[in-house]
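See structure below.
And the structure:
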């Protein structure tokens with residue numbers, strides 16, 4: 012075996028090792044990304060479904076109810092729970108457009124409530140007036156993709 016053969020062998024082994032390291036790094040990155048997304052989703056689920064003040068707002072804005080005086084009161088008085096609710100979804104939209112969450116993840120957890128916000132024209136008008144720009148963008152994306 013000549014010196015050239017040994018150099019070639021080390022080059023081949025080095026190339027294989029480098030390629031293996033790149034594959035391993037990609038695997039670890041993907042696994043960690045999924046774990047981080049799962050943590051985000053669990054945190055969002057907890058904040059939205061387990062917080063009492065958001066539950067009250069969810070019930071008022073439920074799609075099954077007729078337009079009520081309670082909705083008019085929310086818009087007029089802007090209680091903290093109502094703005095927290097909208098800020099929650101503005102944050103979800105931020106996570107969507109910063110690519111921390113994808114459409115399907117948001118769809119699985121919050122589609123119904125986004126639909127309620129979109130279909131209640133007085134609430135949607137309020138969202139536009141108060142500059143919830145990312146939330147408005149998210150609602151329009153869902154309306155288009157879900158055919159609301």
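In this note's numbering, the protein residues as written are 12 to 159.
Glycine included, every Cβ here is placed at the ideal spot set by N, Cα and C.
From a predicted model like this one, the values you see are computed outputs, not experimental measurements.
Cβ pair residue i, residue j closer than 8 Å
i, j, result
"residue 93", "residue 59", "no"
"residue 150", "residue 128", "yes"
"residue 157", "residue 122", "yes"
"residue 52", "residue 116", "yes"
"residue 55", "residue 120", "yes"
"residue 48", "residue 112", "yes"
"residue 124", "residue 69", "yes"
Cβ distance (whole Å) where residue i is taken to contact residue j below 8 Å
i, j, result
"residue 65", "residue 96", "6 Å"
"residue 91", "residue 146", "The pair is not a contact, with the Cβ atoms about 17 Å apart (cut-off 8 Å)."
"residue 71", "residue 134", "Contact doesn't hold; Cβ gap of about 10 Å is too wide."
Proximal residues to residue i (C-beta, below 6 Å), its chain only, five neighbours per side dropped
i, result
"residue 74", "127"
"residue 153", "125"
Contained alpha helix (DSSP H) runs [length at least 4] in the region 64-150, N- to C-terminal order: As far as the region 64-150 is concerned, its whole alpha helix (DSSP H) runs of at least 4 residues are 80-88, 91-108, 114-130 and 132-140.
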